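For the sequence shown, position 18 (counting from the first letter as 1) is numbered 84 according to our numbering, and the numbering increases by one without interruption. Note that CB positions come from ideal geometry on N, CA and C, so glycine has one too. Keep in mind the model is a prediction, meaning the values are calculated, not measured. Before any comments, here is the structure.
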Amino acid sequence: MKSIFKLMIYSAIVVSLCVSVTLLFKNHPEVQLSFLIPGIFIFIYSKIRDEVYVSLPVRLRMARGR
C-alpha cells in the first residue's frame, strides 16, 4: 500500500512538472533553462526508478516466503 501511495505521488509530481514546463515555454520562449529542465526530468526519473526497482526483488522474495 505504501508503494502505491509513493507511485501516485511520483505520478502527480511528473504530471505537474510536465504541465508547468509546457506553460513556462509557452509563456516565456526566451527562457534560459532549456538545458536545466531536461536535467531535472532525468534526475526525477532516476530517483523514481531507483525507488521502485530496488525494492522490487525484496518484495518478490517476501511473496515467495524466503
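Asked	Found
For K92 and E117, the rounded distance between their alpha carbons	32 Å
Minimum C-alpha distance to C84 - residue among P104, K72, Y119	P104
Distance CB(V81)-CB(I110) smaller than 8 Å	no
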